[in-house]
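Novice: Protein sequences, first through last, are from chains A and B. Quick note on numbering: the working numbering labels position 51 of the first sequence as 51, and the sequence is numbered without any gaps. Residues are numbered in the working numbering as their position in the second sequence, beginning at 1, plus a constant of 1000.
2 protein chains.
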Amino acid sequence: MAERTEERHAEKMRKKQAAHDRIVASKTIEKGLLIVHTGKGKGKTTAALGMVVRAIGHGGKVGVVQFVKGAMATGEKRVFDAFPEHVEFKPMGEGFTWDTQDRARDIAVARAAWEEVKRMIADPSYDMVVADELNIVLRYDYLPLDEVIAALGAKPEMTHVIVTGRNAPDALIEAADLVTEMTLIKHPFREQGVKAQAGIEF
Amino acid sequence: MAERTEERHAEKMRKKQAAHDRIVASKTIEKGLLIVHTGKGKGKTTAALGMVVRAIGHGGKVGVVQFVKGAMATGEKRVFDAFPEHVEFKPMGEGFTWDTQDRARDIAVARAAWEEVKRMIADPSYDMVVADELNIVLRYDYLPLDEVIAALGAKPEMTHVIVTGRNAPDALIEAADLVTEMTLIKHPFREQGVKAQAGIEF
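1. Looking at chain E, which residues of the region 1148–1178 of chain B have a Cβ within less than 8 Å of any of its Cβ atoms?
2. In chain order, what residues of the region 1049–1070 of chain B put their CB closer than 9 Å to some CB of chain A?
3. Which full runs of the alpha helix (DSSP H) of 4+ residues lie inside the region 1045–1093 of chain B, going along the chain?
4. Are the beta-carbon atoms of residue 165 (chain A) and residue 38 (chain A) separated by less than 9 Å?
5. Report the rounded CA-to-CA distance for residue 141 (chain A) versus residue 179 (chain A), giving the unit in angstroms.
6. State yes or no: is the C-beta of residue 1064 (chain B) within less than 9 Å of the C-beta of residue 1052 (chain B)?
7. Count Cβ pairs between the region 19–30 of chain A and the region 1008–1022 of chain B that sit closer than 8 Å; are there 3 or more?
8. Taking a cut of 9 Å between CB atoms, which residues from the region 1114–1126 of chain B lie near chain A?
9. Residues bridged to residue 132 (chain A) by DSSP?
10. Just list the residues that DSSP pairs residue 9 (chain A) with in beta bridges.
11. Under 9 Å between C-beta atoms, does residue 1029 (chain B) make it to chain A?
12. CA-CA distance, residue 199 (chain A) and residue 3 (chain A)?
13. Of all Cβ atoms in chain A, is any one closer than 9 Å to the Cβ of residue 1109 (chain B)?
14. List, in chain order, every chain B residue whose beta-carbon is nearer than 7 Å to that of residue 78 (chain A).
15. Taking a contact to mean a Cβ-Cβ separation below 9 Å, would you say residue 163 (chain A) touches residue 34 (chain A) in this structure?
16. For a test of the three-state rule: what should DSSP assign to residue 1152 (chain B), helix, strand or coil?
17. Taking 9 Å as the CB-CB cut-off, is residue 1181 (chain B) touching chain A?
18. Under the assumption that residue 1010 (chain B) contacts residue 102 (chain A) (Cβ atoms under 8 Å), give the Cβ distance between them as a whole number of angstroms.
19. Under 9 Å Cβ-Cβ, which residues of chain B neighbour residue 89 (chain A)?
20. Compare the C-beta of residue 47 (chain A) against all C-beta atoms of chain B and say whether one is closer than 9 Å.
21. Would you tell me roughly how many angstroms separate the C-alpha atoms of residue 91 (chain A) and residue 48 (chain A), rounded to the nearest one?
22. Chain A beta carbons: is any one of them nearer than 9 Å to that of residue 1128 (chain B)?
23. Nearest-angstrom Cα distance between residue 167 (chain A) and residue 135 (chain A)?
24. By the 7 Å beta-carbon criterion, what residues does the region 1006–1017 of chain B contribute toward chain A?
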């Protein structure tokens, strides 16, 4: 009986492997991807940071521009600053926009961060560029959407570009190769009164 | 006209800030969270890796056990191995289960990885423990679900535990503090024949 279970399992796994091998063999293209992490759930920025880790580990050069985070000392900044030859990490925000209450200043901050992203994207020596929370800036109309879509569409063939933030505009989703929506199923902030904690939220 | 727009913006942002401040003030609890990343989309493992980066940056001690990934040299392993005082990184899998086609061996591999996770969870010197792809192992019934839920439920108060993998069992979602579902909106594998690439998938 146990033997038959083992056999059935091996047979099932052989079929799975054959199907998997066929799929892998049919996928031969290597290209830089335009990746979007959106949705109301957690994990949009952290999943981008995880991809930065992988790119660093493979010896790549990565640029990260944060549109919302600024002066606050985050865990990610401390770690990535240990790899100055591989990561240029630039928190260029000034906190959430309601901290400043000054639309003209917010626009200027967004513009400066976006110019930095454009510079990195235009330079083919970057393997990966992360525009963290760019979607939030687009949501507030702090940057012209057309300009952003055009610059992202003109990226070098092999560069991966990752854009994060809730409320990704439709035109960005349309232009992207890979879009993931992070959906909140359960959140301790809301349900248990747990505050933002080091290592999780920053 | 422009001035009125500025004023309206400032007023709107003041209200947002006040609402935000009230919410933050009401959240006072610090506690270790049981976090689950599930769903068919990308970003489950990478979002966990991003949290590992943050925890390292804050001087924490992190244990990572990978239930599926094994010998393959991943980007994350190379980076985390640069922080031996902060991360214990253990890829203990043997590839996807269909690579082995041997159920008894898969169970032994899962058991060894799980014993390592249990050891880390039981040791309060770990600030964060990641059980990467544990859900896949549970899906194949390679470990008793009751035993896993009991061990996770008995974790020290301040330890964060992150479990990843599609098809998280209901009992785990029930026990968790924070659950995020990664949903696939668009995928280049499927739609464009793009293969798994360094920096993105490994």
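Even glycine gets a Cβ: it sits at the ideal position worked out from N, Cα and C. Since we're looking at a predicted model, the values are computed, not measured.
Specialist: Looking at the coordinates:
1. Here the protein chains are A and B, and chain E is not one of them.
2. For the region 1049–1070 of chain B, the set of positions with a beta-carbon nearer than 9 Å to some beta-carbon of chain A reads 1049, 1050, 1051, 1052, 1053, 1054, 1055, 1056, 1057, 1058, 1059, 1060, 1062 in chain order.
3. 1075–1080
4. Mapped onto the first sequence, residue 165 (chain A) falls at position 165. Mapped onto the first sequence, residue 38 (chain A) falls at position 38. Yes, Cβ-Cβ distance for residue 165 (chain A) and residue 38 (chain A) is below 9 Å.
5. The sequence position of residue 141 (chain A) within the first sequence is 141, counting from 1. The sequence position of residue 179 (chain A) within the first sequence is 179, counting from 1. Cα to Cα, the separation comes out at about 21 Å.
6. Against the second sequence, residue 1064 (chain B) aligns to sequence position 64. Against the second sequence, residue 1052 (chain B) aligns to sequence position 52. Going by C-beta atoms, residue 1064 (chain B) is nearer than 9 Å to residue 1052 (chain B).
7. At 8 Å Cβ cutoff, the stretches do not touch.
8. none
9. As a working note, residue 132 (chain A) is residue 132 in the first sequence. DSSP lists A:66 as partners of residue 132 (chain A).
10. The residue labelled residue 9 (chain A) in the question sits at position 9 within the first sequence. Bridge partners of residue 9 (chain A): none, in fact.
11. Working through the second sequence from its first residue, we reach residue 1029 (chain B) at position 29. Yes - at least one Cβ of chain A is within 9 Å of the one on residue 1029 (chain B).
12. Here residue 199 (chain A) refers to the residue found at position 199 of the first sequence. Here residue 3 (chain A) refers to the residue found at position 3 of the first sequence. About 47 Å.
13. The residue given as residue 1109 (chain B) occupies position 109 in the second sequence. False, the Cβ-Cβ gap to chain A never drops below 9 Å.
14. Position 78 of the first sequence holds residue 78 (chain A). Ordered by position in chain B, the residues that pass the 7 Å Cβ test against residue 78 (chain A) are 1057.
15. On the first sequence, residue 163 (chain A) is found 163 positions in, with the first residue counted as 1. On the first sequence, residue 34 (chain A) is found 34 positions in, with the first residue counted as 1. Taking 9 Å as the Cβ cut-off, residue 163 (chain A) and residue 34 (chain A) qualify as a contacting pair.
16. Numbered from 1 along the second sequence, position 152 holds the residue referred to as residue 1152 (chain B). Residue 1152 (chain B): helix per DSSP, three-state reduction.
17. Taking the first residue of the second sequence as position 1, residue 1181 (chain B) is located at position 181. Judged by the 9 Å Cβ criterion, residue 1181 (chain B) is in contact with chain A.
18. On the second sequence, residue 1010 (chain B) is found 10 positions in, with the first residue counted as 1. On the first sequence, residue 102 (chain A) is found 102 positions in, with the first residue counted as 1. Right, their Cβ atoms sit about 7 Å apart.
19. Position 89 of the first sequence, counted from the start, is the residue given in the question as residue 89 (chain A). In chain order: nothing, as chain B lies at least about 11 Å away.
20. Along the first sequence, one-based indexing puts residue 47 (chain A) at 47. Yes - at least one Cβ of chain B is within 9 Å of the one on residue 47 (chain A).
21. As a first step, residue 91 (chain A) is located in the first sequence; it is residue number 91 there, counting from the start. As a first step, residue 48 (chain A) is located in the first sequence; it is residue number 48 there, counting from the start. Cα to Cα, residue 91 (chain A) sits roughly 14 Å from residue 48 (chain A).
22. For the purposes of this step, residue 1128 (chain B) is taken as the residue at position 128 of the second sequence. True, the Cβ-Cβ gap to chain A drops below 9 Å.
23. Against the first sequence, residue 167 (chain A) aligns to sequence position 167. Against the first sequence, residue 135 (chain A) aligns to sequence position 135. Distance from the CA of residue 167 (chain A) to the CA of residue 135 (chain A), rounded to the nearest whole angstrom, comes to 6 Å.
24. 1006, 1009, 1010, 1013, 1014, 1016, 1017
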